[in-house]
Amino acid sequence: LSCDEGNAHRFGATVGVGFTGSYATEQTYRSLLLGSAIRAELFTGVKVMPSAASVHLSLSLGLRGPVFGVTSACA
144 LSCDEGNAHR
154 FGATVGVGFT
164 GSYATEQTYR
174 SLLLGSAIRA
184 ELFTGVKVMP
194 SAASVHLSLS
204 LGLRGPVFGV
214 TSACA
């Protein structure tokens, strides 16, 4: 398969994850608890969103089709 500007809309990404953003979450809590920050960094929410992996993949490959992030939990 070849993906180029003419057919990029026909290629998408689906990536499944179980848990995301643990490092960003930990760093945010640490900064807030130690008093080195009064609020979370601007992009903390983007770093921990479950669809981040599929979005990053599609942007890296230039895909313009549907993008899905599949998540699950041990519940």
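The opening position of the sequence shown corresponds to residue 144 in our numbering, with each subsequent residue numbered one higher.
Glycine is no exception: its CB is placed at the ideal position from the N, C-alpha and C atoms.
Quick caveat: nothing in here was measured; it's all calculated off a predicted structure.
Relative to the C-alpha of residue 217, which residue among 204, 196 and 162 is closest?
If you number the sequence shown from 1, residue 217 lands on position 74. Minimum Cα distance to residue 217 is reached at 162.
Which residue marks the beginning of the beta strand (DSSP E) containing residue 159, and which one marks its end?
Within the sequence shown, residue 159 is the residue found at index 16, counting from 1. Counting along the chain, the beta strand (DSSP E) containing residue 159 begins and ends at 156-160.
Give me the residue from 202, 212 and 194 with the minimum Cα distance to residue 148.
Taking the sequence shown and counting its residues from 1, one reaches residue 148 at position 5. Cα-wise, what sits closest to residue 148 is 202.
For a test of the three-state rule: what should DSSP assign to residue 212, helix, strand or coil?
Here residue 212 refers to the residue found at position 69 of the sequence shown. It is a strand residue.
Answer yes or no: do residue 211 and residue 168 have a C-beta to C-beta separation smaller than 8 Å?
Position 68 of the sequence shown, counted from the start, is the residue given in the question as residue 211. Position 25 of the sequence shown, counted from the start, is the residue given in the question as residue 168. Going by C-beta atoms, residue 211 is not nearer than 8 Å to residue 168.
Straight-line CA distance for residue 197 to residue 176?
Along the sequence shown, read from residue 1 onward, the residue named residue 197 stands at position 54. Along the sequence shown, read from residue 1 onward, the residue named residue 176 stands at position 33. Their Cα atoms are separated by approximately 31 Å.
Using only the alpha-carbon positions, how far apart do residue 159 and residue 150 sit?
For the purposes of this step, residue 159 is identified with residue 16 of the sequence shown, where counting begins at 1. For the purposes of this step, residue 150 is identified with residue 7 of the sequence shown, where counting begins at 1. Roughly 24 Å separates the two Cα atoms.
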